[in-house]
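Student: As given, the protein sequences belong to chains A and B, one line each in that order. Heads up, the first sequence is in this note's numbering, so the first residue is 1 and it goes up one at a time. Heads up, the second sequence is in this note's numbering, so the first residue is 106 and it goes up one at a time. Would you mind keeping the following structure in view while I ask a few things?
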Amino acid sequence: MTTKEIAGKAVQVNDEGYMTDPNEWNQDVAVAIAGEEGISELTPEHWKVIDYCREVGLESGSAPTLRTITKGAGVPTKELFGLFPKGPAKKVAKISGLGKPEGCV
Amino acid sequence: MSENNRRIAFICSNGNLDMAYPALIMGWAALGNGIDVTIFFTFWGMDMINKARVDRLEIAPVANTSMKMSLMGVDTGNLGIPNIMGVLPGMTAFASNLMTKKMETLEVPPVREYLEMLVDAGAKLYACKMSVDMFGLEMDDFIDGVIDIVTAADFMDMTEGAQIVFI
């Protein structure tokens, strides 16, 4: 585990780059991580997914799976993969300041 | 290998309910991690994309040494289901129903819905030409999302550099 400066804030991240303390997250951190993941702008559609993940993640202690997101946030699979191209499972979890999603579906 | 250009191809050759899931689960995980996914359906695996069959996939208790009575909800440890019982009418339907229910409780989608998810996420599905000819099928018999009917050589061309998993 290392400390990394993201959006001017020192946050703890693990070897894979996931934040380990979701309480260190804020919206500026999300924007900065999204930039690192190749997403230059977070639109309201992105925030709908991120907000949902924060809500579920803080409650359950782990990042929701993609199917949990599509069902729970009401975002169709195609749209989710369009918003977070090339690997939404990892990207959404990282941008939301949560760990790697647990669960296979 | 960077995950950005990693590719994986599954060959689904089995139409049993239990064997339909490995490619779906691993394919979904791959797509979620940004890995390109191609699925080639051949022989009995064609049932997975056949509109008339996909909702009727089954699992038979006969000659399946891993299927124990305990899976049927009877607490008998390692005691197997005798093959003689497995041949009774209705046993295959019973086992299939049990597995379907179990999957439902684990919030695993049925095969048809799972394939839709994979296609929406960018997976490319292809049917095997030789199996299509053998079973007398055509594109109209397949669920939406099947791109084309291709030969074994086409499959080799389109999976160059991909990791291949045969199921």
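Don't be surprised by glycine CBs; every beta carbon is placed ideally from N, CA and C.
Looking at the structure shown, is L193(B) part of a helix, part of a strand, or coil, going by DSSP?
Tutor: The answer is coil: DSSP assigns L193(B) none of H, G, I, E or B.
Student: I want to see whether chain A comes within less than 8 Å of N138(B), judged by CB atoms only; does it?
Tutor: Yes, because at least one Cβ of chain A sits closer than 8 Å to the Cβ of N138(B).
Student: What is the DSSP secondary structure of L230(B), counted as helix, strand or coil?
Tutor: In the structure shown, L230(B) sits in a strand (DSSP, three-state: E or B).
Student: Does the Cβ-Cβ distance between L66(A) and P88(A) come in under 8 Å?
Tutor: Yes, the pair counts as a contact, with Cβ atoms nearer than the cut-off.
Student: Can you have a look at A30(A) and say buried or exposed, based on whether 16 or more other CB atoms are within 10 angstroms of its CB?
Tutor: The residue in question, A30(A), is buried, as its Cβ has 16 or more Cβ neighbours within 10 Å.
Student: For L98(A), decide whether its Cβ has a neighbour in chain B, counting only Cβ atoms nearer than 8 Å.
Tutor: So no, L98(A) is outside the interface.
Student: Give a yes or no on whether the minimum CB-CB distance between V213(B) and chain A is below 8 Å.
Tutor: Yes, V213(B) counts as interfacial toward chain A.
Student: Can you check which of these residues, Y126(B), L211(B) and R111(B), is closest to F271(B) by C-alpha distance?
Tutor: Of the candidates Y126(B), L211(B) and R111(B), the one whose C-alpha sits nearest the C-alpha of F271(B) is Y126(B).
Student: Can you tell me whether A168(B) is helix, strand or coil according to DSSP?
Tutor: In the structure shown, A168(B) sits in coil (DSSP, three-state: anything other than H, G, I, E or B).
Student: Which first and last residues belong to the beta strand (DSSP E) in which F145(B) is found?
Tutor: That run of the beta strand (DSSP E) goes D141 to F146.
Student: Which residues in the same chain have their Cβ closer than 8 Å to the Cβ of I50(A), if we skip the five residues on either side of it in sequence?
Tutor: So the list reads A30, L42, V92, I95 and S96, once near-sequence residues are dropped.
Student: Please tell me whether M124(B) has its Cβ less than 8 Å away from any Cβ of chain A.
Tutor: No, no contact with chain A.
Student: Ignore the nearest five residues each way along the sequence and tell me which others in M106(B)'s own chain have a CB closer than 6 Å to its CB.
Tutor: Low per-residue confidence applies at M106(B): pLDDT is 42, beneath 50, and the placement is therefore not dependable, though the value from the model is reported in the following sentence. Nothing meets the Cβ criterion.
Student: State the DSSP-derived secondary structure class of I251(B), mapped to helix, strand or coil.
Tutor: Correcting the residue identity first, residue 251(B) is Val in this sequence and not Ile. Looking at V251(B) - three-state DSSP - the assignment turns out to be strand.
Student: On the DSSP letters alone, give me the boundaries of the alpha helix (DSSP H) that K78(A) sits inside.
Tutor: Residues T77 to L83.
Student: Does DSSP classify T264(B) as helix, strand or coil?
Tutor: Coil, per DSSP.
Student: Is it the case that the Cβ atoms of Y231(B) and D253(B) are separated by a distance below 8 Å?
Tutor: Yes, the pair counts as a contact, with Cβ atoms nearer than the cut-off.
Student: Report the neighbours of D253(B) on chain A: residues whose CB is nearer than 9 Å to its CB, in chain order.
Tutor: Within chain A, no residue comes near D253(B); the closest Cβ sits about 20 Å away, beyond 9 Å.
Student: Return no unless some Cβ of chain B is closer than 8 Å to the Cβ of K86(A).
Tutor: By this cut-off, K86(A) is an interface position.
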